[in-house]
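Worksheet for the structure shown next.
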Amino acid sequence: MSSDQLSPLVADLHLLTVLAATKSFTETARRLGVSKASASMRISELERVAGVSLVRRTTRSVGLTEAGQQMVNDMQPAFNRISDSYTAARDLVGTPRGLIRVTAPVALGRQHLAPCIAAFLKRFPEINIELELTDRFVNLANEGFDLAIRHTSTPPETHVAWVLCETRSVLLASPEYLARRGTPRHPSELAAHDCLLYLGNHADSWTFVNSSKRKSAERVGVSIRGSLKANNSEVLRDALVVGLGIG
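Each residue of the sequence shown is one higher than the one before, starting from 1133 at the first, in our numbering.
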């Protein structure tokens, strides 16, 4: 019998295993939420398809024939595994468990996310976390991550996303650097300064938007240069603090 032919009979096969346990059409019907007549008709149909008697009916009891018992013996482990799988899936809803793979920017992850993890794992001891801190753009689907925390103004349309907080970008420099090189008054003046560059797309240019303009925002693009490029925000921060440039 092909799988296509077998599929419509799965419910009836399960009914047979319940009947084997209860030895009663009345109790079987009650457990499965069907009428006694319907349960009896489904067993009769199963016998017709199998071409052999599966149930021995008397006025006082119901038993299985040798063929019926053999069928139940073969099928019961499979139905038990299905039941166990379903129960395990339902348990995941009631008690969180399993592995969560998370990716987040390095600085944000170390300063804000990492301190929360211990309390989270104490609250949910059956959860395991794999945390990858990286400032590169991670492809969640291809790399098997469940969750990503990102700095972005355009969340990907292919994923469920929500705002955790709002941030703003600022340029900073150490007092020592500004005393030595002067303080730029306009974005265009950055071209003459040492800038700390983040490796990635558009690493050699910064774009500034003057949002105070009422009619339209003024956009200024600046080509920048510097002696240090890095793909780690904490490396750039440390370089800024010791006066290596503006970043």
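Where a beta carbon is used, it is the ideal one built from N, C-alpha and C, also for glycine.
Nearest CA to the CA of residue i: which residue from the options?
i       : options                            : result
ASN1212 : PHE1157, VAL1166, LEU1145          : LEU1145
ARG1351 : TYR1218, GLN1208, ASP1206, SER1320 : SER1320
ASP1370 : ALA1199, LEU1329, ILE1356          : LEU1329
SER1139 : ALA1171, VAL1181, MET1173          : VAL1181
Once the 5 residues before and after residue i are set aside, which same chain residues still bring their CB inside 8 Å of it?
i       : result
SER1306 : LEU1372, VAL1373, VAL1374, GLY1375
PRO1237 : LEU1265, THR1266, ASP1267, ILE1281, ARG1282, HIS1283, SER1365
For residue i, is the classification buried or exposed, using 16 other Cβ atoms within 10 angstroms of its Cβ as the cut-off for buried?
i       : result
ILE1175 : buried
TRP1294 : exposed
ILE1249 : exposed
ALA1246 : exposed
TYR1218 : exposed
THR1235 : buried
LEU1186 : buried
PHE1269 : exposed
MET1384 : It is not possible to answer for residue 1384, since the shown part of the chain is limited to 1133 through 1379.
ALA1171 : buried
With which residues is residue i paired in a DSSP beta bridge?
i       : result
LYS1254 : BP columns for LYS1254 are empty, so no partner.
TRP1338 : VAL1354
ARG1188 : GLY1195
CYS1327 : ILE1378
Leaving out the 5 sequence neighbours to the left and right, which residues in its chain are closer than 6 Å to residue i when beta-carbon positions are compared?
i       : result
PHE1256 : PRO1228
TYR1309 : GLY1375
So, for residue i: in the same chain, excluding its five sequence neighbours on each side, which residues have a beta-carbon less than 7 Å away from its beta-carbon?
i       : result
ARG1313 : HIS1325
LEU1272 : ALA1280, HIS1291
Using 8 Å as the Cβ pair cut-off and three pairs as the minimum, do the stretch 1192-1208 and the stretch 1149-1160 touch? With the cut-off at 8 Å, the stretch 1192-1208 and the stretch 1149-1160 touch.
Under 8 Å, with one C-beta from each stretch per pair, do the stretch 1159-1175 and the stretch 1214-1228 reach the 3-pair mark? With the cut-off at 8 Å, the stretch 1159-1175 and the stretch 1214-1228 do not touch.
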